[in-house]
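Protein chains in written order, with my numbering: chain A, 217 to 735; chain B, 735 to 1042; chain C, 90 to 492.
Below is one structure, written out as structure tokens; the observations come after it.
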Amino acid sequence: MNKKNAFPVTPSTIIRLVLVSVFDVAVLSLIRQLLDDGNYPLSGILGVVIIIITLCFSLEKLRYYRWLGVSLAATTLFVLYPILYTIYLSTTNAGYGHILTKQEAVAFLESQQYVPESGQQYKWTAYRSLESTNDYVLWLQAEDDATFLTGIGTATQPASLGDDGIGAADDKGIPTSIQGYQRLEKRDTVAMIDQLGQLEFGSAPDIIRITSLTVAATTQQRYHYDSDGDTLTDAETGLVYHPDEGVFTTDDGQELPPGFRVGVGLDNFERFFASSALRGPLVRIISWNFAYAILSVLCSFALGLFIAVLFETLPGRQIIRALLIIPYPIPALVSILIWRNLLNPDFGALVSLQNSIFGTAPNWLTDPKWTRIAIIIINMWLSYPYFYIVSSGALQAIPTDMMDAAAVDGANAWQRFSKITLPLLLKIVSPLLVASFAFNFNNFNLIYIFNQGNPPIAGSPIPAGHTDILISFVYRLAFNSAISDYGLGASISIVLFLFIAAITWGQFRYTRVLEDQTV
Amino acid sequence: MTDIQTHSTPIATTSYKKPNFSLNYQQRRWLGYIIRYLIAAILIVFAFVPVVWVLSASFNPSGSLVSIEVIPKNPGLGNYRGLFENQYYPYLTWLKNSFVVASISTFLSVSSTTVSAYGLSRFRFYGRKTLMRAILIISIFPAALSIIALYTTFQQVGNRIGILGLDSHASLILIYASGALSINVFLVKGYIDSIPLEIEESALVDGATHAQIFRMITLPLAKPILITISVLTFMAIYGDFVLPRILMQSSDKYTVMVGLYLFQSADYAQNWGVFTAGAVIAALPILGLYMLLQRYIIGGLTAGAVKL
Amino acid sequence: MKRFVFLVVLVVLAVNLPLSASPKAVAQTPTLTIWTDDQRLPVLTELSKAFTEEYGVEVVVEPQGTENTMNTMTQGAATGEGPDIFTIPHDNMGRLVDTGVVAPLDLGDKAEFFLPNSLEAFTYNGELYGVPFAVENDALFRNVDLVPEAPKTWAEAAEIGRQLVDEGKVEYAFAFPDLGYNYYPVYTAFGGYVFGRDEEGNYTADDLGMDNEGMVAGAEWANSLIRDGYASENLDWEAAHVLFESGQAPFIITGPWAVDRFKTNEVPYAISAFPAATEDGEPGGPFIGVQGFMVNAGSENLLLAQTYLTEFIATDESMQYIFDNDPRPSAWVAVFEATEDPDMRGFSEAGVTGQAMPAIPAMGFVWDAWESAGLLITQGELTPSEALSQAAEQIRTQITESE
């Protein structure tokens, strides 16, 4: 308890604790609201966020974590939670037709109304109370021309023109006013129609609702969910539905949309491992994914380094550098789309240039090999300036006396470069290479914008392309096609992540990213 | 095999060791320059082809992707006029949105990156290494489906707090700002690692708190890397179109990249002329910013790399 | 530690303060949101100003396009996202109804003002789900400078094209935007189809024709042109249109959306009905797509959205306005019959042999697989019969899995 004296309560401590409390209160009230919605996962993760923030900023033992508290909380919420969510999705049948949770599906179905056979349809006219803006009455005209008057929560009464309190009729036979109420003109009726549609006129069980601009009807709730038997009954047809694989289904197989998502255990993983047809394209996609990431990094780095070395001592290198890094600040979306156009087989400027020089040009968008080459070239164009800058900085950091000594020993330029400069340089930039690898491994933009993963792979059970990488393939599976199979997409993401993580983990061991210069 | 090797090696060495160039040192130097300038010229052409193309296309009135001529036949500002006068596609609003979102996100993201990097650099605590590894591993997760989680999260939150829901810039900013614990942390941490501890220690002795040291000493010294990271982060957010495409739903909330993507992915007409004009205008501020801060960026990147 | 306990107590106390969990207040004047495509955006924006004028309800029109609209509707609409109203080609209806995200509509006595087949296209399980406004289909466009007379058979068309290429007058014999939707008239001329019909005349997913002989024969026609270098190996919607409008290809199969750009580019075009496979064969027929408005079932402005369609869109003035500003054959009888535009007449004639696009949910699986097959054929990676049976396989797998 002596420690207490070492950390006196200062104004900054108080400010900190007040800020933490304010944050906690705000988030807790959000959690409470989310719990009302039955939203447990998000509430849970927000709870974790609160715990992180509160512990970091109040426990003296965790004072060093204060520096990381906010980042950690944000990462938990927006990076980690989505990953956990992906894991959750992989164990469900989420996807087309199974988007909602069961709770949401039941709520949706229970909100539906129908007009029972005993129900009546009317033409209606609304009148607003002169005193209260929330009180209305309806003048109803049944199909047999009988007329009624009904209000909110009051029984529907037969009424006719000339009755007490009912004003003169207009040319359509509808009263222009009702005592205490003012008739709504069409303009107002249209603007307010959904407000009116939420009101329940008449008294139970003959509740009258407005169902369209002209029609009001006695409606009843169509579906009733019985949570004990886990059944859903259609009051109109009398059919009884049981949940079956995420859809309410009758015994003879009639399905009632919308479906909902249910846990399917490891089914998605099984589907993935059992489908040999799926594995074929996947093996291609994985190997291309690695080749793409590695080649992109190596080629860009090689070009950047080449430029850095070549122009290191060249007069006018500032101007050359300013010109050469021009690709870097241009937004990638723009650059990639321009490249796609330059390489268009019919109209691309570069293609016609190639045609006029060589008489022929590769099919940059349709030939699998050339599309891949195009992607690597574009990625080189996008990122060599970065490596150029980094390499030239690193070159300056290499002590010149080592070079001089080597030169004295009779080593030629190439030997000096490969034996001394390159190893030192690699040591310096290897963390950046790893970072660049990680970035390119999931470089969705380039693949998707350039050719959407095309050209297609022949013989794949699900459309897949020769330039698809994992993330673009999963995207295709989940969003870009009619399949929308989140479950399968999620399980593929996870299997592949484990695989890549293992490989990347190995890579880290050889880099200095995790080492510290000062200990 | 061995025979050939023993025969060929000496020949090779003799012919290479004494190159029979009748050029003196001066001439060789000039030749070297000429070759290098030639290479530079080729590379500059490589770098500029797309830039020249997009500029030329943006002044080409034809508006389709057939614009092979470098200098259009009758250049005009029609595409630019089309861009600004189109009342259905509020290009200037998109540009403004992009700047607002990218500026605020960059500020938040870089702030928390820097604070975190300082913590990772200066203190040794339980779980530090694990944390750093976790940051790296998480960054390679193929997060295609994370979009679903983010979408539903903001939808659910938005049902309760409207300004934090889908179609709000706040949602974008929160996500971008939370990217703080990424590879950037390592760049900044590496830089801070290289700032000598002695200065801080003497300050500690004088009774300064770590927060004060961070503010008064570390931050000013880390300025180059902070500028670099800021510009890089800004560029990355400015250039993103996946997140805003999915989270933003009304066209006056779009960022400029979403808008540009819209121009060329429409159902019926890909308007290349307007797209290229829009692309040029969208790229200009970034290019300007980059040119303006080029010195710092190069300094920061090289230093960040060397000191990592 | 004490400080932590203090904090926890504080927070627990604070949380129990009655903070208002304000439920979304119903807006006094609602705003209608409509999603549509790039071509309808200006039309609907301008048109809706009259609605705002009349009823004081603001209408926001957003350019979202079919793909994004479908994604949002099938994935987010059930939880309250998406527009109040959207326009969509009718073939997407099955998927939308199947996911329960669109509301049925009642046109009342206005139904008689619509072309019956356009209403039929938006009818599913006996309920009407869309208000149609245009009926569109492809036609054969030819460059009249190069081809004065419309060909009678596909073989003749290919022959004319080849000759023009050999004479150096054009780059390609034919421009193909795709080998799917915009190639359907060729498939059908050779006897191909996508989905067959059951006894009651409804499309059924049980009869998938994707890999039948007619489809293969149809694909062979394009394949032989491509393999001989008379058509591009690059299948690109935009590039194909540019090929035609720049006079580099004498033929293209496309729809009303392209008329405007062809006029702008001053290419001398003529529209005609489709050739047949043989001299005495039946001419091929295009898919007939009906464009219509649908209403999001989860919309907070459901009744207003329905009112907008029944009171405002389903009127002579609105339908005429839509037709005038985005000319495609109208689904509104009065406008359709008054049309004298020769292009629109041409489309209607080409559509005589057409068939409504299937709107069953399985149609959603067709497009991607079909597109892939088209690319594989043009690239020479697979023969037409291999590519189409692969597509059929992909579609069948997905149909089975979705059941």
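Glycine included, every Cβ here is placed at the ideal spot set by N, Cα and C.
Just so you know, these numbers come straight off a predicted model, no measurement behind them.
| query | result |
| --- | --- |
| Collapsed DSSP secondary structure at Q164(C) in the structure displayed | helix |
| Backbone CA spacing between D450(A) and F324(A) [nearest angstrom] | 13 Å |
| N- and C-terminal bounds of the alpha helix (DSSP H) containing A247(C) | W243 to D255 |
| Any chain B beta carbon closer than 8 Å to W346(C) | yes |
| The region 402-421 of chain A in contact with the region 295-309 of chain A per 3-pair CB rule at 8 Å | no |
| Contact set between Y852(B) and chain A, taken where Cβ atoms lie within less than 7 Å | W283 |
| A493(A) versus C272(A), F689(A), A674(A) and S245(A), residue with shortest Cα-Cα distance | A674(A) |
| Contact belief for P756(A) with T582(A) at Cβ below 8 Å, rounded distance in angstroms | Lying outside 217 to 735, the shown extent of chain A, residue 756(A) is not represented and no answer is given. |
| Chain-ordered neighbours of S707(A) on chain C, where CB pairs are closer than 7 Å | Those within 7 Å of S707(A) in chain C number zero; the least Cβ separation is about 14 Å. |
| Segments assigned alpha helix (DSSP H), at least 4 residues, entirely inside the region 170-207 of chain C | 182-187 |
| Cutoff 8 Å: W504(A) Cβ touching any chain B Cβ | no |
| Test item: CB-CB of S709(A) and P876(B) under 8 Å | yes |
| Three-state secondary structure (DSSP) of Q733(A) | Note on Q733(A): pLDDT 41, under 50, position unreliable in the model; no value is reported. |
| Per-residue DSSP class, three states only, for N661(A) | helix |
| Contacting positions in the region 403-427 of chain C - beta carbon closer than 8 Å to chain A | none |
| Test: G609(A) CB closer than 8 Å to a CB of chain B | yes |
| Beta-carbon neighbours of W787(B), restricted to chain A and to distances below 8 Å | I554, N557, L558 and A565 |
| Closer than 8 Å to chain B by CB, P357(C) | no |
| Residue-level contact to chain A via CB, N160(C), 8 Å cutoff | yes |
| Pairwise C-alpha distance: G669(A) and A116(C) | Unreliable placement is indicated for A116(C), whose pLDDT of 48 sits below 50; the coordinate value is still reported in the next sentence. For A116(C) and G669(A), the distance between alpha carbons rounds to 44 Å. |
| Residue-chain proximity (T343(C), chain A), Cβ-Cβ < 8 Å | no |
| Any C-beta of chain B under 8 Å from that of T52(C) | Any property of residue 52(C) remains undetermined from this structure, which presents chain C solely from 90 to 492. |
| Inter-residue CB distance, F382(C) and P274(C) (contact presumed, cutoff 8 Å) | So it is not a contact: roughly 28 Å between Cβ atoms. |
| Contact residues within the region 986-1018 of chain B, judged by C-beta distance below 8 Å to chain C | L996, S999, A1000, D1001, Y1002, A1003 and Q1004 |
| W355(A) - DSSP class collapsed to helix/strand/coil | strand |
| Backbone CA spacing between A342(A) and P119(C) [nearest angstrom] | 18 Å |
| Beta carbon proximity, Q380(C) to chain B, threshold 8 Å | no |
| Chain B contact for I676(A) (CB, 8 Å cutoff) | Sequence inspection shows Ser at residue 676(A); the Ile mentioned does not correspond to that position. False, the Cβ-Cβ gap to chain B never drops below 8 Å. |
| Alpha carbon of Q483(C) to alpha carbon of D267(C), nearest angstrom | 19 Å |
| Under the three-state DSSP convention, the category T125(C) falls into | strand |
| Min CB distance A904(B) to chain A below 8 Å | no |
| Validate contact between the region 942-959 of chain B and the region 123-140 of chain C using beta carbons, cut 8 Å, 3 pairs | no |
| Which of helix, strand or coil DSSP assigns to G285(A) | helix |
| Test item: CB-CB of N831(B) and Y995(B) under 8 Å | no |
| The beta strand (DSSP E) enclosing L938(B), as first and last residue numbers | Where L938(B) is concerned, there is no enclosing beta strand (DSSP E), although the alpha helix (DSSP H) it sits in stretches over L931 to V939. |
| N808(B), buried or exposed, once every other Cβ within 10 Å from all chains shown has been counted against 16 | exposed |
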